[in-house]
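Comments concern the structure below.
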Amino acid sequence: MSYLKTLKGKLLIAEPSILNDISFNRTIILITEHTKNNAVGFILNRPLAYLLSDLIPEISNDFTIYQGGPVEQDNLYFIHKAGDLIPDSIEIGNGIFWGGNFESLKYSLQNELISENDIRFFLGYSGWSKNQLDREIHSKSWFVSENDHENIFSINDETIWREKLLQKGGNYKLWANAPSDFQQN
């Protein structure tokens, strides 16, 4: 079974079974592209110790930078709700856009036309080759969820994974309350 028509704009939630995977343990990923050849997404709940002003000094905003995934971690990516302000953005769905003209982005940030609740920045991305993501979903590394958040940019990084497990219900409720470090149990 293929998810090609349904994953773009959806959320991937890391299954509890991948707790030993340091790249994706307890992650929520927004899928920005899913074609027959590949899939791309960004981890929404892995804040880093960097601010946007640390990476781009001419932009004085103190927006948090997130780890988008293990691929190309030297590159800065962004998703946003400011499609009209940032030409060349790619619409993901539900008013969320990926990338766009960087000079327009800088202008909008410098003139405070975009707030932190309108955008999220990432170092790196999560990527899958042809059929890889479908295989991972079928092998229970991920489950798929609708992006049912009014504003995905204002989610609580620390609780979103737990909330999605509770929303899924069943045995997931047990995992939702498990400590992140089983040594502490």
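Just so you know, we're using our numbering here: the sequence shown kicks off at 442 and counts up by one. Glycine residues also receive a C-beta, built at the ideal position from the N, C-alpha and C atoms. All values derive from a computational prediction rather than experimental measurement.
Taking the alpha-carbon of residue 451 as reference, which of 473, 484 and 468 has the nearest alpha-carbon?
473
Pairwise C-alpha distance: residue 543 and residue 520
12 Å
I'd like to know whether the C-beta atoms of residue 583 and residue 457 end up nearer to each other than 8 Å.
no
Based on the DSSP output, what are the partners of residue 561 in its beta bridges?
520
Residue 591 CB to nearest heavy atom of the ligand ZN below 7 Å:
With respect to the ligand ZN, the structure offers nothing, as it holds no ligand at all.
Quick one: what does DSSP say residue 469 is sitting in, helix, strand or coil?
strand
Euclidean distance between Cα positions of residue 497 and residue 563:
13 Å
Counting only beta-carbon atoms, is residue 589 nearer than 8 Å to chain D?
Judged by its chain identifiers, the structure shown contains no chain D, having just a single protein chain.
Along the chain, which unbroken stretches of the alpha helix (DSSP H) at least 4 residues long are found entirely within the stretch 527-558?
543-551
Rounded C-alpha distance that separates residue 475 from residue 501:
34 Å
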